[in-house]
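Using my numbering, you'd call the opening residue of the sequence shown number 90 and step up by one each time. Note that beta-carbon positions come from the ideal geometry of N, C-alpha and C, so glycine has one too. Source: prediction; values computed, not measured. Heads up: the structure comes next, in structure tokens.
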Amino acid sequence: MKYEVVFGFNTKQWWVYDNETDEYCDPPSAVLDEVKSRSADIDEQEDFFREIVSAEPMWLNDTEFRYKDIDI
């Protein structure tokens, strides 16, 4: 699997980890808001966010919001 959804321990937000480039992608705030408003349950948020990421939206390719070696 190329992308993994990860909840940042320090940032308290969802991130996408790209296994091929070894980078974290910071999703747009509108996406994070949508995931958060969907459910208060973290497992349900994860499932919903995984669905979003599986469609490989264009924002996953935005290099401005990709980071290596960060403590999320």
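Three-state secondary structure (DSSP) of residue i
| i | result |
| --- | --- |
| D107 | strand |
| F137 | helix |
| F96 | strand |
| E145 | coil |
Paired residues, beta bridge with residue i - DSSP
| i | result |
| --- | --- |
| E112 | D107 |
| R127 | Answer by DSSP bridge pairing: none, since R127 is not bridged. |
Own chain, CB closer than 6 angstroms to residue i, minus 5 neighbours either side, in chain order
| i | result |
| --- | --- |
| E109 | K91 |
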